[in-house]
Amino acid sequence: MENKVAIVTGASSGIGYTTSLALSNAGLRVAVGARRIDRLKELEGQIIKNNKEVFVQKLDVTRKLDCISFVDAVVERWGRVDILINNAGLMPLSYFQNGKVEEWEQMIDVNIKGVLYCTSAVIPFMLKEKSGHIVNLSSVAGRIVFAGGTVYCATKHAITAFSEGLRKELSPKYNIRVTCIEPGAVSTELLKTITDESMSGFIKATKNMETLQAEDIANAVLYAIEAPNHVNVNEILIRPTAQER
Numbered sequence: 034m035e036n037k038v039a040i041v042t043g044a045s046s047g048i049g050y051t052t053s054l055a056l057s058n059a060g061l062r063v064a065v066g067a068r069r070i071d072r073l074k075e076l077e078g079q080i081i082k083n084n085k086e087v088f089v090q091k092l093d094v095t096r097k098l099d100c101i102s103f104v105d106a107v108v109e110r111w112g113r114v115d116i117l118i119n120n121a122g123l124m125p126l127s128y129f130q131n132g133k134v135e136e137w138e139q140m141i142d143v144n145i146k147g148v149l150y151c152t153s154a155v156i157p158f159m160l161k162e163k164s165g166h167i168v169n170l171s172s173v174a175g176r177i178v179f180a181g182g183t184v185y186c187a188t189k190h191a192i193t194a195f196s197e198g199l200r201k202e203l204s205p206k207y208n209i210r211v212t213c214i215e216p217g218a219v220s221t222e223l224l225k226t227i228t229d230e231s232m233s234g235f236i237k238a239t240k241n242m243e244t245l246q247a248e249d250i251a252n253a254v255l256y257a258i259e260a261p262n263h264v265n266v267n268e269i270l271i272r273p274t275a276q277e278r
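Okay, so the sequence shown: first residue is 34 according to this note's numbering, each after it adds one.
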């Protein structure tokens, strides 16, 4: 792992923030991107304090040129990109009949297009080296659809399918590993993005559960990327013990 370069999107909070620290502590050079540059600067300070290398740049994954610029800057700085953690995501749950169109569009742009744009940006460098690892953060919602999560589940089903397609295209021929991580309920800021008042029961039930912590997902990421090169950990489904569905 020493001196390998990892890119983490959505690194300003939650899973992305914690995973960035975990990767850095494991010896990787970490490039972190998100829209909230102030939070990235805080993360940068923590990593530098630990005498590790970090690159920070504002990143909006819904903008294709942002993604290309970010990856190019990382390669210019360190000459390589070994791992991409597609973590950026939104979860403004709502019942479809309530017509939260703008929120649907945001989820499609971030949860699907953002993953496609960032992956597309790193692929040329990984193909050249015939090596790399792409980790996509999906969700248990990428397997199980629930009322109020109709569009969100659709975006996460897309990422689960995308991950398997990537694996078939890239792993056998080019030695580029692909992992899809599917967390259940995690204690992050995602619940704060829900504006539909009819989802109050879901929010209450989640808050009353002993959920996963961001560190649990960071550990799952480390498990996948630290596996020997001949081992391709394709999927990790991880739920709180208390979560039923």
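Quick reminder that beta carbons are idealized off the backbone N, C-alpha and C, glycines included.
What you are looking at is a predicted structure, and each value in this text was computed from that prediction instead of being measured.
Rounded to whole angstroms, how far is the Cβ of residue i from the Cβ of residue j, which I believe are closer than 8 Å?
i	j	result
I269	E215	7 Å
S45	R69	4 Å
R278	I177	6 Å
A251	T52	4 Å
L282	M34	Any property of residue 282 remains undetermined from this structure, which presents the chain solely from 34 to 278.
S171	S196	7 Å
G217	Q276	5 Å
Just tell me which of the options has its CA closest to the CA of residue i.
i	options	result
D105	T95, Q90, I118	Q90
E138	V173, P157, E109, A187	A187
A55	R272, A238, D249, T95	D249
E230	G181, A275, N241	G181
Q246	N36, I48, T42, K37	I48
T42	V94, N58, K82, S196	V94
N120	E162, C213, N169	N169
E86	I209, S57, I177	S57
Y256	T244, I271, E243	I271
E109	E197, V211, V38	V38
D115	R72, V134, K163, E136	K163
L117	A64, D71, F88, K146	A64
V107	F129, Y207, M124, G66	G66
P157	K189, G175, L203	L203
Quick check: what's the CA-CA separation for residue i versus residue j?
i	j	result
C151	N131	31 Å
A154	N144	16 Å
L76	F103	17 Å
G122	W111	26 Å
N241	H263	41 Å
I80	I192	30 Å
L283	A238	Residue 283 lies beyond the residue range present for the chain, which begins at 34 and ends at 278; the question has no answer from this structure.
C213	I40	16 Å
N83	I101	29 Å
P205	T244	36 Å
L199	V148	12 Å
N265	G165	11 Å
K133	V184	10 Å
Y50	F88	13 Å
D99	K146	12 Å
What is the DSSP secondary structure of residue i, reduced to helix, strand or coil?
i	result
F179	coil
E136	helix
R210	strand
R38	The displayed chain sequence assigns Val, not Arg, to residue 38. It is a strand residue.
I227	coil
A64	strand
V219	strand
E268	strand
Q276	coil
H166	strand
N131	helix
Exercise. Fully enclosed by the segment 78–128, which alpha helix (DSSP H) runs are 4 residues long or longer?
Worked result: 97–111
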